[in-house]
Amino acid sequence: MYRNALRSVRATYCPNITKMEKKATMQIKTIRLLVTALLLTGIAQAQTGARVKGKVLDENGAGLAGATVNVTNNANNKTVNTVTDNKGNFTLEDLDKTFLYHFYFTATGYKPDTVKNFKVSAGDNNSLLIRMHAAVNALNEVVVVGYGTQSRSRVTGAITSLKSEELNKYASGSFGQQLAGRAAGIQINDASALPGTDPQIVIRGISTLTAGTFPLIVVDGFPLSEGSSLNAINAQDIETIDILKDPSSAAIYGSRAANGVILITTKSGKGDKTKLSFDAYTGFQERSDKVKLMDGYQYAQYSTEARNWGYMSKDQAHRTLNDDVATRKANGATARDYVLNYVGPWLGKQSGLTNTNWLDAIFKTAPVNNYNLSLSGNNSKTSYYISGNYFNQQGIILNTGLERFSGVVKVNSQPTDWLKVGISVNPSYNIQKFYKNDASRNSDPLAATLIMYPFFPVYNADGSLAISQQIKANTPEDGALGENPVAIMKMTTYNRNFFRNFGNAFLEFKLAKGLRFKTMLGGDYTGTNINYYTPSNVGAYRTAAPKPAAASATNAAVWNYITENTLTYSKTFGKHDINLLAGYSFQKENGDSTVVNGTNIPDDNLQNISGATSFSATKSAYTWSQLSYLSRLQYAFADRYLFTAAIRRDGSSRFGQNSKYGYFPSLTAGWIISKEYFMQGLSWLNLLKLRATWGKAGNNQIGAYGSQALVTQENYVYGNTLAPGYAATTAPNANLSWETKTAFNVGFDASIYKRFSVTLNYYHTTTSNLLLNVPVPAQSGYVTSLQNIGKVKNSGLELEFSGNDIQLGPVKWSYSANVTSNKNQVLALAQGQQQIYTGKNSAFLTKVGGSIAEMYGYDVTGVYKSQADIDNTPHIAGTVVGDYIMRDLTNDGKITTADRRGFGSYSPKLVYGFSSDFSYKNFDFSFSITGLTGRKIYDNSLWLMESGESFGVGNQYYFQNRWDPNDNPNGFLARPTTNLSANRLNAQASNQFFYDAHYLRVRMIQLGYNLPARLLLKNRITECRVYVSANNPFLFTPYRGFNPDATSSNVLTSGAADSNYPVARSFQVGMHLVL
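Just so it is clear: in the sequence shown, position 304 is 304 by the UniProt record's numbering, and no numbers are missing.
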């Protein structure tokens, strides 16, 4: 009632107020409608905005909880952030699809990561997968130092560490090849690139004359036998490799450490998530050498010139080039003075003739495949790693290759806080196809091509192999009598199969705080079976088919086992840190082999040695053992002053009764200057450390019975009766001991801006008590005695520098480089002995004051082009126009052996390597190079191709540069000849045949791509990377032979090469997948 009365009064006396209320009411309604419309619009926009789902993983593939995700856009820099859940997942809502977003990921203990300019699409189809890596300070990385580990900042020895991700970019079945160019002081020589053959690994130069040069390989604490095949170790199972280069670091391994120590740590299970990884690559290989032989037309001319020169040079007054075979015979010519009776059509340049390139015939494009599957994981008590690998590399030479099946099982567990247990098993089975290498050039397919003339075909018209055609054709004229190498490679069987299984098991007890006892038992078994069969329907050198079939069968087995017990104690009190080690080790090896040879096998289809009618057999066996005691003290004060002392006592059955035990001590000291108070203001300097080391190590790589009197089987004829028996050869030596290397090393390590580092080392080593066989008086009843005599030194500089995570705009760059210079010198030989000549034509000289195996010969200065040149220049009797001019170094008017001099050696003056890695968004690009300078090779195959000896086929270089008075008067290579007899210096060792073999090799190029997260998350894939790569795509060298790393296994003839298997160029496509 009152409300209605009030309205009436207001309407009567205040009409304007009433109108205003009505207007306000309408405005409120309008505002309500607008707000509602705006809200509805916002809701609609929210419903059409973008959502991003993502996952952050650690480096082991486990979800990373608590990682912060900050997001900004390119329009207004508005920031949105979130945190990953306990499985590493995160979600961001309502992102505008018209913006580009920048994602920033951070987590405590991990390197930050970014994704820039990420474009979202409407809806839920946006995903990110981020893998964060632990922000490990390189100075705190753990380095394996032998019987323990140490943080890198406290390492005082010369140790290089490599990680698997660095090595596996070079696709190879051998980790030894992956080391090339990766570390200073390490030289990797692919002396033979035959699949399944280990490279030669030299650490800080050669320091022996006759003992072994193999470094000691230690896998998960188990020292393998010297010379163990590296092919039993799958490179993809390796986590890290630590190389102990100086005896002070390696002295803890005593008498086996003189050649350096390579410590391999295999992968273990990590993270709290089971990880399934699959790696595969497939590709092809091809030859990369520079050898180019003469074709048929060129060789016809070359051979004819040589035979005519040979004929005319002996009696030019009574002989002419037009003399036929009958006339030449009447004039006393030898068969090699006759022109080959079948080369007329090639001399006449007729078309359509057989023109076989025998190198092309034996080389092929060969496939290579590698598949690796691994399963790993870890929980609070147990970690495991299981892998299986299949590797198949066919060789680029016919019927060569390697097929390998290998696996790893590694389990570590800590069931209680006072006990750790572990076991690892590494089985492998290898099938290697290769060729028999004996005294015949036909046994080696590369050597065989050099004595196969291009006039003869590989196959007959009906497609069958052409057998013994050259042998039959060349017999009358005494030409090369080689068999078709393609036929030999295809029809001959030579397989080497071996099974190997090595591993160890350990128990580690925590006895008290800081005090631990560890006992380890390891074993290594290798069983080898070699089968060789050559059928009757293929010829051999100088023997045409058919011939008696022959076979051989070899069975060998090696058992090696070790037991070690170590006690360690670590304690920190105040500024003092100490770590003590004491241990005991016993290792023993037994080996035996049986070789059975059989001939006259009646049926080639059987190819079974049991069918032979004639047999011979040999049996051998050996055993050696070693007993060792070791101890080490590591001390650090205030984390700045470092000191290590170690000693090992080894006893070996290989050495004399009076010298079975030896001591190998070492001392090291370091000063971390960057941690001094007066350096604290230099925030950019992360590390500056000085190091000095001294130590001794031994080399025990000799036969198991080197100190004992050795006998060999001999026969003696009494009248008409053959009496078999044995005769003494090597005298016993009760004082025989190991070679001892004493080394001094100084160096420094520096790191700045947490990205750049440099390491410099200078070393000086002296190896004494060198092992040499020396003659003994005949009345002793012996021939030689193995003695400790002589001394060798090596000195050099090593420089390593690197940069990591360098930001170049949107590109991230890392690099590493190293360079090494080493000088080798012989200080002493046997008493009264100043020099040792070795090799073909005594081309290698090891003398006091010089280097080991220096190439030694005549100094060629040109070619005699007239008789007047000969008459006016010192020469030897029999010299003719076209021969080499030798320098008269003694100025006595004669050319004698006294006019020879040194021309360098196989050991390079400088070795270097460089690797670089770039990443841009999902792409990565890597490459590495290796190289060396100052190397010489004395190559018997190149000698045959370039000496003018027409018995073999020359190369294009010789054909184009040989001297000929009419066709090539400016030639600088000696004229062709049919027989380089010993009295002609053209055949002798000289600088003409000491080939420069320096090179720069592009070792690896790889381009990779990580698949986008949206593809991975949909399929529950953690990581997937695909790549294409090339191994050894480019080689720059003046060397014209097959392989610039070629060398002999004999130290005293280092650099002696002869058709060594060339390094292949290969191209691969591969993938890395993690679930």
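Think of the CB as a built atom: it goes at the ideal place given N, C-alpha and C, for glycine as much as any other residue. The structure presented is a predicted model; accordingly, all values stated were derived computationally and were not measured.
*Can you grab the Cα-Cα spacing for the pair residue 660 / residue 846, in whole Å?*
Spanning the two alpha carbons is a distance of roughly 29 Å.
_Using the three-state DSSP reduction, which class does residue 1053 fall into: helix, strand or coil?_
Three-state DSSP puts residue 1053 in a helix.
_My output table needs one value for residue 559: the three-state DSSP class, helix, strand or coil._
Three-state result, residue 559: strand.
*Find out if the Cβ-Cβ distance for the pair residue 104, residue 70 is shorter than 7 Å.*
It is a contact, given that the beta carbons lie within the stated cut-off.
_Taking its Cβ as the centre, do 16 or more other Cβ atoms sit within 10 Å of residue 93, making it buried, or is it exposed?_
Residue 93 should be labelled exposed.
*If you draw a straight line from the C-alpha of residue 537 to the C-alpha of residue 467, how long is it?*
Just so you know, the alpha carbons of residue 537 and residue 467 end up roughly 8 Å apart.
_Quick check on the DSSP output: the alpha helix (DSSP H) that includes residue 275 runs from which residue to which?_
Looking at the DSSP string, residue 275 is not in any alpha helix (DSSP H); the run it does join, the beta strand (DSSP E), is 275-287.
*Apart from the five residues just before and just after residue 378, which ones in its own chain have a Cβ nearer than 7 Å to its Cβ?*
Around residue 378: 269, 270, 271 and 272.
*Residue closest to residue 417, alpha-carbon to alpha-carbon, out of 407, 341 and 510*: Answer by Cα proximity: 510.
*Which first and last residues belong to the alpha helix (DSSP H) in which residue 344 is found?*
344-347 is the span of the alpha helix (DSSP H), which, as asked, contains residue 344.
_Cα-Cα separation between residue 48 and residue 95, rounded to whole angstroms_ = At residue 48, the pLDDT of 49 sits below 50, so the modelled position is not reliable; the number obtained from the coordinates is stated separately. If you draw a straight line from the Cα of residue 48 to the Cα of residue 95, it is about 10 Å long.
*asked:* Restricting to runs no shorter than 4 residues, where is the alpha helix (DSSP H) found entirely within the stretch 993-1047?
replied: Taking 4 residues as the minimum length, the alpha helix (DSSP H) runs contained wholly in the stretch 993-1047 are 1013-1018, in order along the chain.
*Taking only the alpha-carbon atoms, compute the straight-line gap between residue 773 and residue 723 and give it to the nearest angstrom.*
A straight-line Cα-Cα distance of about 29 Å links residue 773 and residue 723.
*Within the same chain, show all residues whose beta-carbon is closer than 8 Å to that of residue 16, passing over the 5 residues directly before and after it, in chain order.*
Since pLDDT at residue 16 reaches only 48, below the 50 mark, its modelled position is unreliable, and no value is offered.
*Sequence-distant residues of the same chain with beta carbon closer than 8 Å to residue 83, five excluded per side*: So the list reads 66, 67, 68, 69 and 90, once near-sequence residues are dropped.
*First and last residue of the beta strand (DSSP E) that includes residue 242?*
Where residue 242 is concerned, the enclosing beta strand (DSSP E) stretches over 238-244.
*Mind checking whether residue 194 and residue 188 have CB atoms under 7 Å apart?*
No.
_Contact between the stretch 1030-1039 and the stretch 240-254 (3+ Cβ pairs under 8 Å)_ = Two segments are said to touch when three or more pairs of C-beta atoms, one from each, lie closer than 8 Å; by this definition the stretch 1030-1039 does not touch the stretch 240-254.
*Provide the residue span of the alpha helix (DSSP H) that contains residue 680, from first to last.*
Note, residue 680: premise wrong, no alpha helix (DSSP H); not H, not E.
_Residue span of the beta strand (DSSP E) that contains residue 1071, given as start and end_ = Per DSSP, residue 1071 belongs to the beta strand (DSSP E) from 1064-1074.
*Evaluate contact between the stretch 157-176 and the stretch 889-908, counting only Cβ atoms and requiring at least three cross-stretch pairs below 8 Å.*
As far as the Cβ criterion goes, the stretch 157-176 does not touch the stretch 889-908, which means the pair count is below three.
*Integer Cβ distance of residue 421 from residue 385, believed to fall under 8 Å*: About 15 Å separates the CB atoms of residue 421 and residue 385; that is not less than 8 Å, and the two are not in contact.
*If you follow the beta strand (DSSP E) that residue 90 is part of, which residue opens it and which one closes it?*
DSSP places residue 90 inside the beta strand (DSSP E), whose first and last residues are 89-95.
*Could you tell me if residue 894 is buried or exposed, where buried requires 16 or more neighbouring beta carbons within 10 angstroms of its beta carbon?*
With fewer than 16 other Cβ atoms from the protein chains shown falling within 10 Å of its own Cβ, residue 894 counts as exposed.
*With 16 other Cβ atoms within 10 Å as the buried cut-off, status of residue 938*: So residue 938 ends up on the buried side.
*Could you tell me which of 121, 219 and 959 sits nearest to residue 520, measuring between CA atoms?*
Selected option, being the one with the closest Cα: 219.
*Name the residue from 61, 97 and 102 whose alpha carbon lies nearest to the alpha carbon of residue 77.*
Out of 61, 97 and 102, 102 has the C-alpha closest to the C-alpha of residue 77.
*When you compare each of 910, 493 and 335 to residue 824 by their alpha carbons, which one comes out closest?*
Closest by alpha carbon: 910.
*Contact between the stretch 206-223 and the stretch 757-771 (3+ Cβ pairs under 8 Å)*: Yes, since at least three Cβ pairs between the stretch 206-223 and the stretch 757-771 fall closer than 8 Å, the two stretches touch.
*So, using beta-carbon positions, are residue 657 and residue 734 closer together than 7 Å?*
Between residue 657 and residue 734, the gap from beta carbon to beta carbon is short of 7 Å.
*Straight-line CA distance for residue 849 to residue 222?*
Those two C-alpha atoms are separated by around 39 Å.
*Cross-strand partners of residue 111 (DSSP beta bridge)*: Paired residues: none, contrary to the question.
*asked:* Let's test the definition: count the other Cβ atoms within 10 Å of the Cβ of residue 25 and tell me whether it reaches 16, buried, or not, exposed.
replied: Only weak support is given to the placement of residue 25: the predicted model assigns it a pLDDT of 49, under 50, and the question is left unresolved by the model.
*Based on the DSSP output, what are the partners of residue 646 in its beta bridges?*
In DSSP, residue 646 forms a bridge with 632 and 666.
*If you check the beta carbons only, do residue 1109 and residue 1046 fall under 7 Å apart?*
No statement about residue 1109 is possible, as the shown extent of the chain runs from 1 to 1075 and does not include it.
*Where residue 27 sits in the DSSP three-state scheme*: Low confidence applies to residue 27: its pLDDT is 49, below 50, so where it sits in the model is not reliable, and the reading given next is rough at best. It is helical.
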